[in-house]
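Asker: The sequence shown begins at 325 in this note's numbering and counts up by one.
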Amino acid sequence: MPITVHELLADPLLRLEPVVTGDTQRTISWVHSSEMPDPADAAFLRGGEVVLTAGVWYWAGASAAAFVDGLARVGAAALGFGVSSLVDEVPAPLVTACRDATLTLFRVPSDMAFITITQTFVECFVKEREQALRETVARNDRFVRAARNGRGLPGTLSVLRSYHARPAWVLSPTRGVLAAAHHAPPAHLLDAVGELPAHLDQPADVAGHSAFSILGPSDTDAYLVLAASLAELSVAERAIIDQALAFLAVELQREAAVRESEQRYAAELFDLIAAGDAQFAAVEARLRALDLPADAPLAGLVCRAPDLPVAGARLLAALEELHLPNVTATKGAEVAALIPWPHPIEELEALGARLLQALGDGAALGAGSPAEAPQDLRRTLLEARHACRIALRRRDAHYATYPQVGSHALLLALQDDQVLETFRGALLEPLLAQDTRRHTVLVPTIRAFLAADGHYRQTAAALHVHVNTLRLRLARIEQLTGRDLSRLEDRVDFYLALSAAGELPGDSETPPGAG
């Protein structure tokens, strides 16, 4: 701590004698001597100094009151008067002026050189600075050892808490609790952190706690949160926190690098699965390397969301929180995952609801039926993908398992996208072109017709048109496509074409990302 006037006066080697006691807890900024009649004219006095004088100005006829007034104006901490063999007492006017100004005044013995007092202060000043530096270096060594020993975020928090007794956590709005140095954070704190921006320019008070943004990788959204408001933190504590933040950022960078490597390795598994039969041996080897059983049922999950990186992080965190082994990777516009699932697919319903809650608003999740062997992994992932597309369109819950979608979905899910596009275009393009060119509504008409199971009056009521108008529209559809809507086969073709286009019969709108 910086030296105070009290500590300077208490030094037995200096033998300073208090004459007037003012605020002796004032921190001393420096020790300086002055013989100017008005010290306020001295640009080198900035406040907090102990001023030493031999009274030359006094014997020259200057006013003691004016001298003390000048010291008061610049905010001096104390005044020391050096007596001599000629003047062995402090002048009474000076004592009176210091008492009126409540300025500490002390007597300097005649055999005590001013430079000795200055040197004593400087030694204390340097020692205090060196002590702070030594403490910083010692803390740095402990942080470095924790990082070298691979203790990660918890290790860094543990070192921080040895200097800062309050509970502390590393929290992420997308991944939840990344590390805790005490107990689990209260639920309301996690909710509050979830509303923070991606990065805080300045520390903030959050639900009675202080939050500091950890400047890790560009996509980092993690905060050091302590059980104390910003006002409760001392300057020394803030210095320790700033030191810890640098090491937390390094740990996040390390974790991000590991996570990126794991993601690439996981993504290759899905590429191998998509490659088909020729890669079955490689798929089995990769499953074992990723700690997934190659001889147990595995279920595919596919997620879509507006913010895919955030959704991927949340899905991974939710699966890990449930202690479910998994391989998760971002593939195109989706996040795909494989999890062991030796249970009936119906039991995925409850899991899907929990995962969807963790994913947040705007996300959709689909699950495929469990694959009993590596040869079936492509199927479960395709099923999950199609179920996810269906889930996007659900109004009750954006989650679906494959058995929940129509039986025609298997045909669509296993077909190449180009094949589906060709099939869809051959049947629907004439209607789409007519609707665009003539501002007709033939595609909505056939969709409503199929949704009503081919009932004319029900379809006309849904479209708010006369039955005769509906018959004219359907006749025009048959004319443009060469199909007969009285034939079941042709109705099924229209149904499949609309399904492939993401325009299922009965739906009146196409949600973002569907199809």
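All C-beta atoms in this analysis are idealised placements derived from N, C-alpha and C, irrespective of residue type, glycine included.
Here the structure is a predicted model, which means the values were calculated and not measured.
Do the region 521–539 and the region 595–602 meet, that is, are 3 or more Cβ pairs less than 8 Å apart?
Answerer: Cβ pair count under 8 Å is below three, so no.
Asker: Give every residue of the same chain whose Cβ lies closer than 8 Å to the Cβ of residue 678, excluding the five residues on either side of it in the sequence, and list them in chain order.
Answerer: 642 and 646.
Asker: Starting from the C-beta of residue 629, find all residues in its chain whose C-beta is less than 7 Å away, skip the five residues before and the five after it, and write them out in chain order.
Answerer: Excluding residues within five positions, the ones whose Cβ falls inside 7 Å are 635, 683, 686 and 687.
Asker: Please determine if the region 451–467 and the region 545–553 are in contact, where contact requires at least 3 C-beta pairs separated by less than 8 Å.
Answerer: No, the region 451–467 does not touch the region 545–553.
Asker: Please state whether the Cβ-Cβ distance between residue 759 and residue 751 is less than 7 Å.
Answerer: For residue 759 and residue 751, no; Cβs fall outside 7 Å.
Asker: As a quick exercise: from 639, 473 and 710, pick the residue whose alpha carbon is nearest that of residue 681.
Answerer: Residue 639 is the option with its Cα nearest to residue 681.
Asker: When we look at the beta-carbon of residue 571 and count the other beta-carbons within 10 Å, is it buried (16 or more) or exposed?
Answerer: Classification for residue 571: buried.
Asker: With a threshold of 8 Å, are at least 3 pairs of Cβ atoms found where one atom belongs to the region 547–567 and the other to the region 610–630?
Answerer: Not touching, per the Cβ criterion.
Asker: For the region 390–398 and the region 348–355, state whether three or more C-beta atom pairs, one from each stretch, are separated by less than 8 Å.
Answerer: Verdict: no, contact absent.
Asker: Is the region 699–717 touching the region 793–801 in the sense that three or more CB pairs, one from each, lie closer than 8 Å?
Answerer: Result no; under three Cβ-Cβ pairs closer than 8 Å.
Asker: Inspect the CB distances between the region 417–437 and the region 333–350 and report whether three or more fall short of 8 Å.
Answerer: Output reads yes: the region 333–350 touches the region 417–437.
Asker: With distances taken from CA atoms, which of 412, 419, 623 and 519 is nearest residue 849?
Answerer: For residue 849 there is no data in the structure shown, the boundaries of the chain being 325 and 839.
Asker: List the whole-angstrom C-beta distance separating residue 332 from residue 374, where the pair is believed to meet the contact cut-off of C-beta under 8 Å.
Answerer: Correct: roughly 7 Å between the Cβ atoms.
Asker: If you draw a straight line from the alpha carbon of residue 392 to that of residue 443, how long is it in whole angstroms?
Answerer: Cα to Cα, the separation comes out at about 24 Å.
Asker: Across which residues does DSSP place residue 627 in a beta bridge pair?
Answerer: For residue 627, which the question treats as bridged, DSSP gives the partners 659 and 689.
Asker: Below 7 Å between beta carbons: does that hold for residue 485 and residue 505?
Answerer: Yes, these two residues count as a Cβ contact at 7 Å.
Asker: Taking three-plus beta-carbon pairs below 8 Å as touching, is the region 588–595 in contact with the region 489–498?
Answerer: As far as the Cβ criterion goes, the region 588–595 does not touch the region 489–498, which means the pair count is below three.
Asker: When the Cα atoms are used, what is the spatial distance from residue 424 to residue 368?
Answerer: Rounded to the nearest angstrom, the two C-alpha atoms are 25 Å apart.
Asker: Using a Cβ-Cβ cut-off of 8 Å (strictly less than) and excluding sequence neighbours within five positions of residue 728, which residues of its own chain qualify?
Answerer: For residue 728, where only same-chain residues beyond five positions count, the Cβ hits under 8 Å are 711 and 714.
Asker: Tell me which same chain residues have a C-beta within less than 6 Å of the C-beta of residue 402, skipping the five on either side of it?
Answerer: The answer, listed in chain order, is 329, 374 and 428.
Asker: Name the one or two DSSP bridge partners that residue 528 has.
Answerer: Note: residue 528 sits in a beta bridge opposite 535.
Asker: From residue 671 to residue 533, what does the alpha carbon distance come to, in whole angstroms?
Answerer: Spanning the two alpha carbons is a distance of roughly 40 Å.
Asker: Give me the Cα-Cα distance between residue 386 and residue 360, rounded to the nearest whole angstrom.
Answerer: About 9 Å.
Asker: Taking residue 547 as part of the beta strand (DSSP E), name the residues at either end of that continuous run.
Answerer: Element bounds for residue 547: 547–550.
Asker: Whole alpha helix (DSSP H) runs in the region 339–421 with 4 or more residues, listed along the chain?
Answerer: Counting only runs of 4 or more, we get 380–383 and 388–398.
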